Amino acid sequence: MDVNCEGCAGCCLDWRPLADGVLNHERQGPREPLDDTYNLALLRRDEVRAFVEAGLADALVPRLWTAGDDGVTVDGIDLASIAGRPAFGVGLRKVPKPVAPFDHEPSWLSTCVFLDPSTLQCRIHDDELYPETCRTYPGTNLLLDVETECERVEREYSGWRLLDDDPPADTEPLFDPGALGTAVFAHPDPGRIADAVERLSEGESTRKDRAEFVAIAAAASPGTVAIADEYYERTLERALDAGSWVGAAIEKWESLERNGEADPSLATSVEGERGAPPTPGWESVGSDHRD
Ligand code: SF4
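Plus 1049 on top of the position in the sequence shown (first one is 1) and you've got this note's numbering.
Structure below.
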């Protein structure tokens, strides 16, 4: 697999406002997502744990899925479930940032918290936290013969993004039969999340909402719906206390979007000066996956 990512980042942000055609959600997971986030990068349990350990729980957000006839109803909303418990995943938050993909004029687009808007490169690309979902993208789509974001961008903006479509040898679908407890989780107490469900569907979750799901995911056990209570309690506390550069930058971006001009160079003051890892720029990198 070989991809040309320079000036793109189509898989890291919601570029639907820049597309003439209709772009569908990446339909990952058991059902249609309850929220409207586009290109949510979903994590595995051990990655959720690593983000929490690194003090970055405030970069995480849960995703619930809507149900068919076989779900569970929470606060009047039908949710996909496992053994009667609401099913969910955990991904990386998105926030409006001033970005200029595909040589477009800068505009405010919902963007992964780790994307540097000034270079359109990932701030954790060379970090051990770099998610498997991102490292192998679009390998899973190629494996399952599903259109990739690279091809959608090519269709709308021409040019070549997907240069070689052989998936990496170690690509594995996130939602394989072993996903329970490793990539898809089940919340043990629907009553405890009743207030959060509508906020999650509107993309307006609170720190407490997010911490609850993050702690359950971190305390999950592969292959079962069991939760390690002590691990849950410990993680919940850490997630509620998280105060990383990501959380601080999100608040700033949200206030700037309401009042400010879309200027990608704001990344320096909003993210860099709050401690975000730098990105190298394209001169030294060239065409490489999700840089
Ligand atoms: S590659 Fe980086 S910026 Fe893009 S979705 Fe993954 S973590 Fe976010």
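By construction, the Cβ of each residue, glycine as well, lies at the ideal position given by its N, Cα and C atoms.
Small disclaimer: the values here were computed from a predicted structure and weren't measured.
1) For E1181, does the count of other Cβ atoms within 10 angstroms reach 16, so buried, or fall short, so exposed?
2) Considering just the uninterrupted stretch of the alpha helix (DSSP H) at A1316, what are its terminal residues?
3) Pull up the distance between the alpha-carbon of T1189 and that of G1138, whole angstroms please.
4) Tell me which same chain residues have a C-beta within less than 8 angstroms of the C-beta of W1302, skipping the five on either side of it?
5) Would you list the residues whose beta-carbon is nearer than 6 angstroms to any heavy atom of ligand 1, in the order they occur in the chain?
6) Starting from W1157, trace the alpha helix (DSSP H) in both directions and tell me its first and last residue.
7) Whether or not the segment 1086-1094 and the segment 1242-1251 are in contact is what I'm after, with contact meaning three or more pairs of Cβ atoms, one per stretch, closer than 8 angstroms; do they touch?
8) To which residues of the same chain is C1060 closer than 6 angstroms at the C-beta, ignoring the five residues directly before and after it?
9) Tell me the start and end of each unbroken alpha helix (DSSP H) in the segment 1276-1300 that is at least 4 residues and wholly inside, in chain order.
10) Between the Cα of W1157 and the Cα atoms of R1323, L1315, P1326, which residue gives the shortest distance?
11) Buried or exposed for D1340, going by 16 or more other Cβ atoms inside 10 Å?
12) Looking at V1101: is its Cβ nearer than 8 angstroms to the Cβ of A1235?
13) Ends of the beta strand (DSSP E) at P1239?
14) Closest to T1086 by CA distance: which of G1056, G1104, V1162 is it?
15) Is it true that the CB of L1178 sits closer than 8 angstroms to the CB of C1171?
16) Mark E1253 as exposed unless 16 or more other C-beta atoms lie within 10 angstroms of its C-beta, in which case mark it buried.
17) Count the other C-beta atoms from every protein chain shown that fall within 10 angstroms of the C-beta of A1218, then say buried if there are 16 or more, exposed otherwise.
18) Can you tell which of P1082, L1067, A1232, P1326 has its C-alpha closest to the C-alpha of G1117?
19) Where does V1139 sit, in a helix, a strand or coil, going by DSSP?
20) Got a sec? Which residues, its chain only, sit under 7 angstroms from D1084 by beta carbon, not counting five neighbours each side?
A quick look at the data gives this:
1) With 16 or more other Cβ atoms from the protein chains shown falling within 10 Å of its own Cβ, E1181 counts as buried.
2) First-last of the alpha helix (DSSP H) with A1316: 1316-1319.
3) If you draw a straight line from the Cα of T1189 to the Cα of G1138, it comes to about 17 angstroms.
4) Within the same chain, W1302 has close Cβ partners V1144, P1145, K1146, V1319.
5) For ligand 1, residues qualifying as neighbours are C1061, A1090, L1141, C1161, F1163, L1164, C1171, I1173, P1180, C1183, R1339, where qualification means a beta carbon closer than 6 angstroms to at least one of its heavy atoms (chain order).
6) Under the DSSP assignment, W1157 falls outside any alpha helix (DSSP H), being part of the beta strand (DSSP E) whose first and last residues are 1156-1161.
7) The segment 1242-1251 is not in contact with the segment 1086-1094.
8) Counting only Cβ-Cβ distances below 6 angstroms, and skipping sequence neighbours, we find N1088, Y1186, E1198.
9) Unbroken alpha helix (DSSP H) runs of no fewer than 4 residues, entirely contained in the segment 1276-1300, are found at 1278-1290, following chain order.
10) Measuring from the Cα of W1157, the nearest candidate turns out to be L1315.
11) Confidence is the limiting factor: at D1340 the pLDDT is only 44, short of 50, which leaves the residue's position unreliable, though a coordinate-based value still follows. D1340 comes out buried.
12) 8 angstroms or more divides the Cβ of V1101 from the Cβ of A1235.
13) P1239 -> not in any beta strand (DSSP E); alpha helix (DSSP H) instead, spanning 1239-1250.
14) Measuring from the Cα of T1086, the nearest candidate turns out to be V1162.
15) The Cβ-Cβ distance between C1171 and L1178 does not fall below 8 angstroms.
16) E1253 should be labelled exposed.
17) Classification for A1218: exposed.
18) Comparing Cα-Cα distances from G1117 to each of P1082, L1067, A1232, P1326, the minimum goes to P1082.
19) In the three-state reduction of the DSSP assignment, V1139 falls in the strand class.
20) The answer, listed in chain order, is R1112, L1249, S1250, G1252.
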